[in-house]
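Chains as they are written, first to last, in the numbering used here: chain A, 34 to 222; chain B, 34 to 222.
Where a beta carbon is used, it is the ideal one built from N, C-alpha and C, also for glycine.
Here the structure is a predicted model, which is why all the values come from computation and not from measurement.
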DNA sequence: TGCGGTTTCCTAATGCCTTTAGGCAAACCA
DNA sequence: TGGTTTGCCTAAAGGCATTAGGAAACCGCA
């Protein structure tokens with residue numbers, strides 16, 4: 034019988050596609066095996082277990098997202114950078130719902146530290162360079178931005194804003210406006 | 034054999050406790066049955082299926098959260114209301130992680146409409162009465178607040194801010210300060 | 001008090017998913 | 001080309017979800 038040519042790499046990539054198609058929760062070793070026309074047990078030479086698969090998909094998503102974020106920030110600053118970065122998040126989540134969910138998959142401390150997660154923080158900090166925040170407020174602002182981006186996108190893809198006016202895109206741009214304004218007028222303690 | 038006295042009510046309540054103890058994802062018909070010293074099949078006279086169980090836990094959490102939010106808003110306005118409401122979210126999520134996750138469980142449109150979800154929107158709108166926003170901006174502001182609250186709490190309980198200074202509580206109060214400031218100086222279009 | 005009806009929980013069974021163990025054959029490499 | 005490695009397979013055990021059908025407990029009424 035001809036070999037399927039499985040590799041961890043290919044499995045993770047296919048797993049990410051599967052996640053986008055059927056949802057991250059439904060990404061299963063069995064389903065992935067089916068997609069390669071192979072028995073589930075065969076995947077265990079390439080993946081430690083089901084959690085390992087999901088973790089790897091999460092790492093892939095975090096990296097893709099950071100890469101796109103970095104691209105978006107290149108050559109931009111201030112509000113332009115803020116808006117471009119925000120759009121990267123939203124667009125990614127809408128285009129790749131499964132991967133985006135995966136990016137929220139809980140990682141243990143060391144895996145998280147070695148992931149692209151910290152790059153996200155760095156990128157957000159880079160945005161703040163276009164504004165005049167005291168060092169002591171930077172972390173708070175980073176956390177605020179992260180919360181808004183993640184919170185909005187997560188509520189939106191859960192259908193939170195689906196059936197009500199105004200359009201979600203409109204809120205998104207207004208929220209970016211508001212954040213820009215806030216960063217320019219960050220309140221003193 | 035003595036009867037266990039199962040009811041949908043008791044099952045959902047126990048399911049919520051279970052969620053807080055072991056995580057919403059691990060809430061399973063089997064695990065719940067074990068907790069009542071009963072066979073899994075026995076739960077199916079009280080619950081349609083596993084999804085039904087999770088949905089009911091989600092509805093319970095949404096209601097508890099809305100109740101607490103309403104309490105927090107009673108007799109307060111402006112920044113005081115904003116801060117109290119924000120704390121309700123954070124405190125609830127920290128005290129009841131499983132329930133909080135449940136509150137994010139995707140509901141179909143009609144279930145969502147009949148849930149306490151809309152009350153959350155109403156409560157958030159009530160906070161805005163303490164600020165001077167044009168009607169056309171209200172929905173955007175509601176969405177922003179919802180995003181920040183949910184986003185922050187969700188990142189925090191995922192351990193996002195766990196091992197880094199400054200303290201998460203400090204960021205939280207600073208973020209509430211910032212939101213208050215933003216609402217008082219909402220940018221014109 | 002005892003009887004029928006209803007309700008509640010049980011056993012049994014199926015199907016799908018995860019994971020481990022051990023085997024055979026294809027691919028590589030010398 | 002023969003030996004070795006590696007890749008995918010079969011087999012099997014254990015878990016959760018769910019349905020069908022049975023028996024015992026409970027409840028109301030005569």
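Sequence-distant Cβ neighbours of residue 37 (chain A) in its own chain, meaning closer than 7 angstroms and more than five residues away, are 69, 70 and 71. Cβ proximity to chain A below 8 angstroms picks out 137, 139, 142 and 145 from the segment 129-147 of chain B. Beyond the five residues adjoining it in sequence on each side, residue 96 (chain B) comes within less than 7 angstroms, by CB distance, of 149 in the same chain, given in chain order. Close partners of residue 181 (chain A) in chain B (Cβ separation under 8 angstroms): 177, 180, 181 and 184. Scanning chain B for C-beta atoms nearer than 9 angstroms to the C-beta of residue 120 (chain A) yields nothing, as the closest lies near 15 angstroms away.
For residue 206 (chain A), not one C-beta of chain B is nearer than 7 angstroms to its own C-beta. A direct Cα-Cα distance of roughly 47 angstroms separates residue 121 (chain A) from residue 40 (chain B). Relative to the Cα of residue 174 (chain B), the nearest Cα in the group B:62, B:221 and B:105 belongs to B:221. For residue 215 (chain A), the nearest beta carbon of chain B is closer than 7 angstroms to its own beta carbon.
The DSSP-derived three-state label of residue 213 (chain B) is helix. Cβ atoms of residue 49 (chain B) and residue 131 (chain B) come within 8 angstroms of each other, at about 7 angstroms.
Residue 130 (chain A) sits in a helix when the DSSP states are folded into three classes.
At least one CB of chain B lies nearer than 7 angstroms to the CB of residue 172 (chain A).
Using a Cβ-Cβ cut-off of 7 angstroms, residue 151 (chain A) does not count as an interface residue toward chain B, since no Cβ of chain B sits closer than that to its own. Residue 194 (chain A) reaches chain B at 176, counting residues in chain order whose Cβ is nearer than 7 angstroms.
Using a Cβ-Cβ cut-off of 7 angstroms, residue 114 (chain B) does not count as an interface residue toward chain A, since no Cβ of chain A sits closer than that to its own.
When DSSP states are grouped into helix, strand and coil, residue 185 (chain A) belongs to the helix group.
A:188 is the residue among A:169, A:172, A:171 and A:188 whose C-alpha sits nearest the C-alpha of residue 178 (chain B). Here the alpha carbons of residue 42 (chain B) and residue 76 (chain B) stand approximately 12 angstroms from one another.
At least one CB atom of chain B sits nearer than 7 angstroms to the CB of residue 211 (chain A). Rounded to whole angstroms, the Cβ separation of residue 91 (chain A) and residue 140 (chain A) is 6 angstroms, and the two are in contact under 8 angstroms. Across the set A:110, A:176 and A:103, the C-alpha of A:176 shows the shortest separation from the C-alpha of residue 203 (chain B).
Ranked by Cα distance from residue 205 (chain B), the options B:99, B:215 and B:186 are led by B:186. With contacts defined as CB atoms closer than 7 angstroms, residue 62 (chain B) and residue 73 (chain B) qualify as a contacting pair. Inclusion of residue 219 (chain B) and residue 161 (chain B) in the CB contact set at 7 angstroms is not warranted, their separation being larger than that value. Taking C-beta atoms under 8 angstroms as the contact rule, residue 135 (chain B) and residue 52 (chain B) qualify, at a distance of about 6 angstroms.
Of all alpha-carbon atoms in B:60, B:108, B:169 and B:101, the one lying nearest the alpha-carbon of residue 82 (chain B) is that of B:60.
For residue 55 (chain A), the uninterrupted alpha helix (DSSP H) segment begins and ends at 41-55.
For the alpha helix (DSSP H) assignment, the uninterrupted runs of no fewer than 4 residues enclosed by the segment 55-106 of chain B are, from N- to C-terminal side, 62-68 and 83-106.
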